[in-house]
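J.: Have a look at the structure that comes next, please.
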């Protein structure tokens, strides 16, 4: 049902409302769909919504095909509202652009064009060549935020890096004795499991691996594919033991710049991979090379559960897209360990500011999300 008040893009208010719903649908596939994008689709007929769909996992029908199946004959002459440009190539499934053409839709509203080299405007062109009216960039800010890891991956050939830290209200990551479990409460920790489930790799530093022997798998209600477990271990210090050596639970990758051959062989014996990623100009692990290698194996989003040293390296180098800080409702006082252990500016005038992207409360704890793209000098 069309709205009489079109926007400057040529989209109606009904289109925008449908795009918002399509984004919500797409998010239902966020855990299972990667390395494919989590796309949502809404079909609007003469009397309103006649079909909806989302892409759940690779090899299964795409959002447009599911929505068309739900709409049936009502799709003819209707408007298809889809978050991402319909694909125009044959992979595990057929081209969605062809499915829309064959269903007889009259109009397609697209959130954002797909930068993937196999699509890259071809889907839109195919629809227009078939006489279908196509409107692009509708609700694009909302869509880009939802699909940020996928779009970043396709545009840069690196994974989208989310650096997660936890801090007390006085900025400490652990107490004087090194204990940190738990700074935050159950609700905030459950949200971390959500982020793990939405990521295709979980990255920790060697210090965390040695001190905590973490499992790094999503738990509780966040079921889905198990992410890769990655240890950033510059000098090959971590022993192949404990949870990370149990590669039957989840794959383990040790990213290093220097490892003794015997330890390398031991990691291989337990089924782990050792990646040589080299050093950065600062002398630490080349994080940029690690993000590129992870992208090559299909990682769209990497969640870094950072200790002070790894977190400090990431923040100091700007090697992240989102910085997520959970602030627990406790204080740890003098002697507590810092959140970031890295050289900082000599003066507040030289400090950089992050742009606050989101604030969410979890009982008495708070999650602060900052976007790296908005980093800039402090100014006056």
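In the numbering used here, the protein residues as written are 395 to 774.
For each residue, glycine too, the CB sits at the ideal point set by N, CA and C.
These figures come from a predicted structure and were not determined experimentally.
Mapping the DSSP letters down to three states, classify residue 634 as helix, strand or coil.
T.: If DSSP states are grouped into helix, strand and coil, residue 634 belongs with coil.
J.: Check this for me: beta carbons of residue 511 and residue 518, under 8 angstroms apart or not?
T.: In this structure, residue 518 does not lie closer than 8 angstroms to residue 511 by Cβ.
J.: Does the region 718-736 touch the region 570-584, meaning 3 or more C-beta pairs lie closer than 8 angstroms?
T.: Short answer: they touch.
J.: Output the boundary residues of the beta strand (DSSP E) element that contains residue 381.
T.: Nothing about residue 381 can be read from this structure; the chain reaches only from 395 to 774.
J.: Would the region 444-459 count as touching the region 532-541 if we require 3 or more Cβ pairs under 8 angstroms?
T.: Segments in contact, no.
J.: Does residue 615 come out as helix, strand or coil in the three-state DSSP assignment?
T.: Residue 615 falls in the coil class under three-state DSSP.
J.: Bridge partners of residue 764, per DSSP?
T.: Residue 764 is bridged to 717, 750.
J.: Can you tell me whether residue 514 is helix, strand or coil according to DSSP?
T.: Three-state DSSP puts residue 514 in coil, outside helix and strand.
J.: With 16 other CB atoms within 10 Å as the buried threshold, where does residue 479 fall?
T.: Answer is buried; the Cβ neighbour count reaches 16.
J.: Using the beta-carbon count (16 or more within 10 Å), is residue 457 buried or exposed?
T.: Looking at its Cβ environment, which holds 16 or more other Cβ atoms inside 10 Å, residue 457 is buried.
J.: Find out if the Cβ-Cβ distance for the pair residue 632, residue 610 is shorter than 8 angstroms.
T.: Cβ distance not < 8 angstroms, so residue 632 and residue 610 don't count as in contact.
J.: In the DSSP assignment, find the beta strand (DSSP E) that holds residue 695 and state where it starts and stops.
T.: Residue 695 -> beta strand (DSSP E) spans 695-699.
J.: Does the contact criterion of 3 or more C-beta pairs under 8 angstroms hold for the region 665-679 versus the region 636-653?
T.: With a cut-off of 8 angstroms, the region 636-653 and the region 665-679 count as touching, because enough Cβ pairs lie within range.
J.: Could you tell me which uninterrupted alpha helix (DSSP H) segments, each at least 4 residues in length, are contained entirely in the region 447-505, listed from first to last along the chain?
T.: You should have 457-465, 490-497.
J.: Closer than 6 angstroms by C-beta to residue 629: which residues in its own chain qualify, once you throw out the five before and the five after it? Chain order, please.
T.: The answer, listed in chain order, is 652.
J.: Could you check where the alpha helix (DSSP H) with residue 568 kicks off and where it finishes?
T.: Where residue 568 is concerned, there is no enclosing alpha helix (DSSP H), although the beta strand (DSSP E) it sits in stretches over 566-568.
J.: For residue 646 and residue 603, I'd like the C-alpha separation in whole angstroms.
T.: The straight-line gap from Cα to Cα measures roughly 12 angstroms.
J.: Reducing DSSP to helix, strand and coil, say where residue 703 ends up.
T.: Helix.
J.: Mind the definition here: the region 419-433 touches the region 539-552 only if three or more C-beta pairs lie below 8 angstroms; say whether that holds.
T.: The region 419-433 vs the region 539-552: in contact.
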